[in-house]
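End of the sequence shown = 408 in my numbering, gap-free, step of one. Just so it is clear, CB atoms sit at the ideal spot from N, CA and C, and this is done for glycine as well. See structure below.
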Amino acid sequence: MKLIIINKLSPEKQKEFEAFIPGLSVEWYLSPKEALPHVHDADIIALWGFQNVEPLLQAAPQVKWIHSLSDGVERLLSPSMLNRSILLTNSRGVHDIAVAEHTIALLLALTRSIPTAIRQQEQHIWKRPRAFLLHGKTIAIIGYGNIGRAIAKRLQGFNCHIIAVKNHHTKEDGVNEIYTTNEINQVLPKADVTIAALPSTPETDQFFNSEKFNLMKENSYFINIARASIVNEKDLLAALTSGHLSGAGLDVFNKEPLPYEHPFWAMKQVIITPHVASWTPDTWQRLLELLKDNLKAFYESKPLKNIVDKGKGY
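Here is the structure:
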């Protein structure tokens with residue numbers, strides 16, 4: 095059985111994987127292009143959800159299982175994936191803590207004007223920037239999966255009024271109100287902070303557009319730690335430029351790296367992080383542990399964790 099991982103793997107980890115499953119051969123490559131000549135006899139390929147899997151699948155007639163090292167799988171839902179009986183799993187549950195902590199970091203940096211304080215420190219300027227108290231404020235989490243729940247859990251310590259927006263009206267602990275996605279127009283006007291945590295699907299493409307931004311509360315904040323495709327960046331830029339939104343914390347962008355000339359770079363009310371919300375040294379270890387668990391299940395012909403519904407896209 096042959097496993098190909100599209101990410102650097104230490105020699106120790108490679109040996110650990112090969113010793114874990116009898117007869118397992120493990121190879122790693124830095125990119126799909128580099129891996130392409132070697133996938134013809136691969137049974138399993140593990141790669142990131144934003145990487146192009148189609149050329150690999152066309153060159154790998156016997157592959158049985160694709161594993162996404164990300165939560166998202168949008169670029170993995172290629173024609174070959176949809177037309178063949180290939181298992182698709184993701185890393186749901188691994189990134190929750192890191193993304194939730196990053197969300198809180200963005201939120202506090204925005205609301206306590208930390209970037210302004212840093213700029214003033216660099217210039218030796220003693221001036222008190224504006225601050226915004228989270229206590230008692232209304233926070234709307236749009237998309238209430240594992241990451242949304244992890245964010246809500248951490249917001250509870252700030253005594254915020256938390257609104258969850260999800261597909262169905264099922265009960266959730268730790269939130270004050272629940273709305274469906276179809277009811278979002280009732281939520282946005284009363285949220286002091288809107289946090290985007292939606293998956294990338296055809297239904298969520300450009301979900302946050304001018305209509306949604308115009309509905310948001312005046313001087314509120316917007317945070318996106320989910321997928322770039324769910325936000326119309328031009329419409330967000332307009333909402334920030336007009337002053338309708340006080341600020342935004344953004345970890346994902348339609349084009350990455352974010353182009354040098356992009357207006358977001360120059361906006362003092364915007365915090366940019368380079369798609370790192372989920373990434374810590376601990377994250378990689380947790381990703382590999384999940385992959386090992388699923389490898390064992392695959393070898394023993396048992397159900398795998400985190401099987402993706404290809405029709406839904408998550």
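Name, in chain order, the residues that DSSP records as bridge partners for residue i.
i      : result
Val287 : Ile233, Tyr315
Lys96  : Ser119
Tyr273 : Val259
Val325 : Phe302
Ile365 : Gly343
Ile245 : The partner list for Ile245 (beta bridge, DSSP) is empty, contrary to what the question assumes.
Ile401 : Thr183
Using only alpha-carbon positions, find the residue among the options that is nearest to residue i.
i      : options                        : result
Ala371 : Lys96, Leu163, Glu350, Glu195  : Glu195
Leu331 : Met310, Pro351, Val364         : Val364
Leu344 : Glu312, Thr374, Ala199         : Ala199
Pro357 : Ala333, Asp267, Asn318, Ile401 : Ala333
Pro155 : His134, Arg213, Leu141         : His134
Ser314 : Leu389, Leu130, Gln214, Ala225 : Ala225
Pro368 : Ile319, Thr377, Ile236, His255 : Ile319
Thr298 : Phe316, Ala391, Phe114, Ser323 : Ser323
Arg380 : Met175, Ile257, Ala113, Asp165 : Asp165
Asp403 : His132, His262, Met175         : Met175
Leu163 : Gly407, Lys396, Leu385, Pro397 : Leu385
Pro460 : Lys390, Arg213, Val188         : No information on residue 460 is available, as it lies outside the stretch 95 to 408 that the chain covers here.
Ala203 : Gly407, Lys362, Pro375         : Lys362
Which residues bound the alpha helix (DSSP H) around residue i?
i      : result
Ser340 : Careful: Ser340 lies outside any alpha helix (DSSP H), inside the beta strand (DSSP E) at 339–344.
Ser174 : 173–177
Asp267 : It is not in any alpha helix (DSSP H) - Asp267 carries neither H nor E in the DSSP assignment.
Ile212 : 208–216
Asp190 : 190–205
Trp359 : Per DSSP, Trp359 belongs to no alpha helix (DSSP H) and is neither H nor E.
Asn279 : 278–281
Going by the beta-carbon positions, is the gap between residue i and residue j smaller than 7 Å?
i      : j      : result
Asp190 : Ile241 : yes
Ile233 : Leu249 : yes
Asn146 : Arg169 : yes
Lys311 : Pro293 : no
Ile278 : Val259 : yes
Val157 : Ala136 : yes
Leu150 : Pro173 : no
Thr197 : His161 : no
Asn400 : Arg186 : yes
Ala140 : Ile99  : yes
Leu130 : Met95  : no
Asn303 : Asp329 : yes
Ile423 : Ala291 : Nothing about residue 423 can be read from this structure; the chain reaches only from 95 to 408.
Pro122 : Leu97  : What sits at residue 122 in the sequence shown is Trp, not Pro. Against a cut-off of 7 Å, the Cβ pair of Leu97 and Trp122 comes out as no contact.
Leu382 : Ala391 : no
Do you know how far the Cα of residue j is from the Cα of residue i?
i      : j      : result
Ala211 : Ser336 : 23 Å
Gly405 : Ile180 : 13 Å
Asn276 : Tyr238 : 14 Å
Glu327 : Pro296 : 17 Å
Ile366 : Trp373 : 15 Å
Leu339 : Ile138 : 45 Å
Ala246 : Asn253 : 11 Å
Val167 : Gly143 : 4 Å
Pro116 : Arg321 : 38 Å
Asn308 : Val193 : 27 Å
Val269 : Ala360 : 36 Å
Glu110 : Gln280 : 52 Å
Lys107 : Asn101 : 12 Å
Pro209 : Tyr393 : 50 Å
Ala342 : Phe316 : 5 Å
Leu124 : Glu355 : 28 Å
Glu305 : Asn261 : 20 Å
Gly251 : Gly230 : 11 Å
Leu352 : Val346 : 9 Å
Gln300 : Val325 : 5 Å
Leu228 : Thr205 : 8 Å
Thr377 : Gln217 : 36 Å
Could you tell me the boundaries of the beta strand (DSSP E) in which residue i lies?
i      : result
Ile139 : 138–141
Leu182 : 181–183
His161 : 159–162
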